[in-house]
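Student: Numbering (our numbering), first residue to last: 35 to 185.
Every residue, glycine too, gets a C-beta built ideally from N, C-alpha and C.
Following this message is one structure expressed as structure tokens.
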């Protein structure tokens, strides 16, 4: 259900300017998806949405460019995601780990203490095992959604 709601949110903000959470709740409801304000706030944070003024001067929710770049690079570069304790390991195509790592650093994920990359492997130190589990799940979904054509 959450993935379906996230997809709908991304579709809605791509189709029209959405300035408020109330408006987004209404547009989701028109698609048969119910969400509380608290759920929507979490969704907005998980999707890394920001408010940005468009060319008409209207503030609207958008996906930050760094998040778009991260999804693109994940779908192209990352082969596997795993974690142990508070360390996440990303296996990448040869030569792509450092660029992918730089992109991860630019997004400033909560829960990441630091990253290090070699040629085809990235180690990410998370603050806790719970953070590592959450981030590994997010990274896996980015790989999967990128391969499905959702950016």
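Could you tell me whether the stretch 55-65 touches the stretch 74-89, where touching means 3 or more Cβ pairs closer than 8 Å?
Tutor: Yes, the stretch 55-65 touches the stretch 74-89.
Student: Once DSSP output is grouped into helix, strand and coil, what is the label at residue 115?
Tutor: Note: residue 115 maps to strand in three-state DSSP.
Student: DSSP has residue 40 in a bridge; who is on the other side?
Tutor: Note: residue 40 sits in no beta bridge, so no partner.
Student: According to DSSP, residue 84 sits in a beta bridge with which residue or residues?
Tutor: According to DSSP, which records beta bridges pairwise, residue 84 is partnered with 96.
Student: Should residue 118 be labelled buried (16 or more other beta-carbon atoms within 10 Å of its own) or exposed?
Tutor: Exposed, because fewer than 16 other Cβ atoms sit within 10 Å of the Cβ of residue 118.
Student: Give the straight-line distance between the Cα atoms of residue 174 and residue 163, rounded to the nearest whole angstrom.
Tutor: Rounded to whole angstroms, residue 174 to residue 163 spans 16 Å at the Cα level.
Student: When DSSP labels each residue in this structure, what does residue 52 get in the three-state scheme?
Tutor: Residue 52: coil per DSSP, three-state reduction.
Student: Tell me the rounded alpha-carbon separation between residue 54 and residue 68.
Tutor: Taking the straight line from one Cα to the other gives about 16 Å.
Student: Taking all protein chains shown into account, decide if residue 130 is buried (16 or more other Cβ within 10 angstroms of its Cβ) or exposed.
Tutor: Answer is buried; the Cβ neighbour count reaches 16.
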